[in-house]
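In full-length UniProt numbering, the protein residues as written are 1 to 131.
Set out below in structure tokens:
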């Protein structure tokens, strides 16, 4: 590697990295090469049956209702698609973190949240029957 280390890099750290790469049989140029594309994550409908087959009967009995709900609602989606906010708001009785209002109608006198703070509307979660 002929380029100079970045200003924030300690010379000893750079040398240590070169030594590790050398011991691994990897050149700095190898790291700059093209990477193979990451395979697409499976959908929930494809993956949950594999999980169900890998667990005990008792575990399958306990979790099957949750897995069925996920397949019904998100079966077509890849495992890496839902955001943490979507998962949070899909729980029955979930509360929007911005306004602390219940997502579940009938469990709170407050109307469903339409928070502008995070761009989420919990109404779509409720309408899909997840709450």
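From the three backbone atoms N, C-alpha and C, an ideal C-beta is built for every residue, glycine too.
The three-state secondary structure of residue 77, taken from DSSP, is coil. About 15 Å separates the CB atoms of residue 80 and residue 45; that is not less than 8 Å, and the two are not in contact. Taking C-alpha positions only, residue 61 is separated from residue 49 by approximately 13 Å. Distance from the CA of residue 76 to the CA of residue 47, rounded to the nearest whole angstrom, comes to 11 Å. Beta-bridge annotation (DSSP): residue 35 is not paired with any residue. At least 9 Å separates the beta-carbon of residue 19 from that of residue 27.
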